[in-house]
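What follows is a single structure, written as structure tokens, with notes after it.
Numbering (the working numbering), first residue to last: 1 to 422.
Below, the structure is given as structure tokens:
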């Protein structure tokens, strides 16, 4: 029998996976791997398969939940953006109405000022006309007094004329005086007629000015009422603007909340980045470095940084990173362009076995697990031993013979060196 044709079949015959990549296929490349799988009991193999299926189902459920949350967040974000646009349009419309109202108010104020000026001019003209009418009435009174005086003189002259045997010189003087008085009376009558005409014209002009003043006052009252209505309308528009601004601020807060929810959903779906910058935890007091020193044939003091340097120099490897599950990076000699592919939700690095693409090999051992993946810029091996994950890179699709067991042993010793943190 050819050892390369061996494959592990679980004794309990679990349900085959829908995805052929999720089935467990072992392609050993060395006699040590065949020997390890031959030593595994069927019950242990069934437990490993059940655990793998449980992890895959859990990961699938988490992905579906993340997808639903992202879709809800996107719909909510689109709704908030639509409502924000409508609120902005409404606010712009209210602002346009406020500007129009301000222009109308300025026009009304100018017209009111012009009406006030016309009213003041009319009142000044009316006062001038009243003063002229008072002067004319004084002249008319003096003329009436002169006319009464002339009438008295005429009566005296008539009495003197009717007196018998008048003096010829007196009669001539009286006649001359009578002609003069008649001339004065005619002149007074003409002046009276002119004054009556002018008084009548002044009365008509006064009535006309009174009507104009009444019209102007009525127009002023109407303008003041319109101004009050316009002020109330502007107050209402200002209240609407404040309400629109409040609604817009509420929409902005909802938008920020939706963006935060979308960001959290993206982080939950894409995963958290590697956690750098933390100091190395203390080495466990019960740790025995002999086994780890024997792997590197070195007696120098070892810690995570030194181990990472030594692993990166092993045959066929060119990079190494050591990280605690759900914890910080202990040490790294890995190229930075690989960091983005190591993002997992909640820093649960056991999900790397199901998230990394193009799995070329998957070796499961009692002490740990090694899986090899083909990436765009090389090959990556993920080694797990308890809570320690060791990521190594190489330019070859397969590790050197015995290298998987060596990596698992190193990771297991690192797990003993750095105990899991509470």
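All residues carry an ideal CB built from backbone N, CA and C; glycine is no exception.
Keep in mind it's a predicted model, so treat the numbers as computed, not measured.
Whole-number beta carbon distance between residue j and residue i, since they are thought to touch under 8 Å
i	j	result
residue 119	residue 213	7 Å
residue 309	residue 333	6 Å
residue 374	residue 358	4 Å
residue 223	residue 112	5 Å
residue 234	residue 125	With a Cβ gap of about 36 Å, residue 234 and residue 125 do not count as contacting.
residue 206	residue 137	Wrong, their Cβ atoms sit about 13 Å apart, outside the cutoff.
residue 326	residue 348	6 Å
residue 91	residue 245	7 Å
residue 328	residue 278	4 Å
Inter-residue spacing [alpha-carbon to alpha-carbon] between residue i and residue j
i	j	result
residue 369	residue 407	9 Å
residue 385	residue 404	12 Å
residue 64	residue 293	45 Å
residue 413	residue 302	11 Å
residue 133	residue 188	18 Å
residue 420	residue 247	50 Å
residue 299	residue 379	31 Å
residue 216	residue 225	14 Å
residue 410	residue 361	20 Å
residue 376	residue 54	29 Å
residue 416	residue 290	12 Å
residue 95	residue 84	16 Å
residue 108	residue 140	47 Å
residue 192	residue 143	8 Å
residue 402	residue 391	17 Å
residue 115	residue 194	35 Å
residue 60	residue 350	14 Å
residue 47	residue 76	43 Å
residue 110	residue 218	17 Å
residue 249	residue 66	29 Å
residue 447	residue 103	Only positions 1 to 422 of the chain appear in the structure, and residue 447 is not among them; the question remains open.
residue 383	residue 367	11 Å
residue 232	residue 93	18 Å
residue 49	residue 43	10 Å
residue 200	residue 131	15 Å
Best match in the options for proximity to residue i [C-alpha to C-alpha]
i	options	result
residue 389	418, 61, 398	418
residue 311	331, 372, 299	331
residue 280	274, 138, 287, 324	324
residue 148	181, 413, 177	181
residue 58	252, 354, 359, 371	354
residue 150	179, 297, 126	179
residue 343	276, 395, 377, 379	276
residue 393	319, 383, 326	319
residue 220	152, 117, 127	117
residue 122	352, 252, 211, 285	211
residue 304	284, 73, 174, 316	284
Distance CB(residue i)-CB(residue j) smaller than 8 Å
i	j	result
residue 98	residue 237	yes
residue 306	residue 322	no
residue 242	residue 346	no
residue 381	residue 399	yes
residue 177	residue 157	yes
residue 227	residue 101	no
Within the segment 247–328, note down every full beta strand (DSSP E) run reaching 3 residues or more, in order along the chain. Within the segment 247–328, the complete beta strand (DSSP E) runs of at least 3 residues are 319–324.
Note down, one range per segment and in chain order, each alpha helix (DSSP H) of at least 4 residues found wholly within the segment 85–130. Runs of the alpha helix (DSSP H) inside the segment 85–130: none found.
Going residue by residue through the segment 366–397, where are the continuous beta strand (DSSP E) segments of at least 3 residues, counting only ones entirely within it? For the segment 366–397, whole beta strand (DSSP E) runs of length 3 or above, ordered along the chain, are 369–375, 378–385, 388–394.
Considering only residues of the segment 137–220, which uninterrupted beta strand (DSSP E) runs meet the minimum length of 3 residues and lie entirely inside it, listed in chain order? Along the segment 137–220, the beta strand (DSSP E) does not occur as any fully enclosed run of 3 or more residues.
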